[in-house]
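All remarks here apply to the structure that follows.
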Amino acid sequence: MTSEPPPPPPKVTRHVQPLGPRVLVRLIKDSDRLDSGLFLPEGAKEAAGQALLGEVIEVARTMPKMELDLDDDDDDEDGGLGLGENVSGVPLGAKVLFGKQRGLAVPWDESLRIVDVRHLLAIVEEIPEEAMQ
Numbered sequence: 030m031t032s033e034p035p036p037p038p039p040k041v042t043r044h045v046q047p048l049g050p051r052v053l054v055r056l057i058k059d060s061d062r063l064d065s066g067l068f069l070p071e072g073a074k075e076a077a078g079q080a081l082l083g084e085v086i087e088v089a090r091t092m093p094k095m096e097l098d099l100d101d102d103d104d105d106e107d108g109g110l111g112l113g114e115n116v117s118g119v120p121l122g123a124k125v126l127f128g129k130q131r132g133l134a135v136p137w138d139e140s141l142r143i144v145d146v147r148h149l150l151a152i153v154e155e156i157p158e159e160a161m162q
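Okay, so the sequence shown: first residue is 30 according to this note's numbering, each after it adds one.
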């Protein structure tokens, strides 16, 4: 009697919706190399107390509005469900700085952090060098 291995569990996709004045941030990997070309050891970076850079990939929102209009023939791409308004005060897609010890890591993805808006230090705008001249 041969027993077959159990089938693998189904793959799932998770959508994290921050609650309250929080945002979901994906960390942007910082280079270990300084502008001068020297590599900075991990311990030296930690001692400097640097802020982390991340991109806001989800924000806290009001509850979605459901409009049940049976006479409406328009097919909305979201099925008539709105996402709700951004109540975090931080634009979706913004690059932000926050303290290294701030935010909670998401258990299944170490590059994701849920950060309280009051712990965000700055919104970073990246301007191409050509635009500065």
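Backbone N, C-alpha and C define an ideal beta-carbon position, used for all residues, glycine too.
Where does residue i sit, in a helix, a strand or coil, going by DSSP?
| i | result |
| --- | --- |
| K151 | A small correction: the amino acid at residue 151 is Ala; Lys does not occupy that position in the sequence shown. Looking at A151 - three-state DSSP - the assignment turns out to be strand. |
| E139 | strand |
| V116 | coil |
| V146 | helix |
| A134 | strand |
Determine the direct distance from the alpha carbon of residue j to that of residue i, and round the result to whole angstroms.
| i | j | result |
| --- | --- | --- |
| P47 | R55 | 13 Å |
| R131 | P157 | 29 Å |
Would you give the residue range spanned by the beta strand (DSSP E) that residue i belongs to?
| i | result |
| --- | --- |
| I57 | I57 -> no beta strand (DSSP E), and no H or E assigned at all. |
| L82 | 80 to 88 |
| K129 | Premise fails: K129 is in no beta strand (DSSP E) and is neither H nor E. |
Compute the beta-carbon to beta-carbon distance between residue i and residue j, rounded to the nearest angstrom, for a pair I have assumed lies under 8 Å.
| i | j | result |
| --- | --- | --- |
| V135 | P50 | The pair is not a contact, with the Cβ atoms about 18 Å apart (cut-off 8 Å). |
| K124 | A80 | That pair is no contact at about 12 Å. |
| S117 | V45 | With 8 Å as the limit, S117 and V45 do not qualify as a contact, their Cβ atoms being about 13 Å apart. |
| R142 | G83 | 7 Å |
| G113 | M92 | 6 Å |
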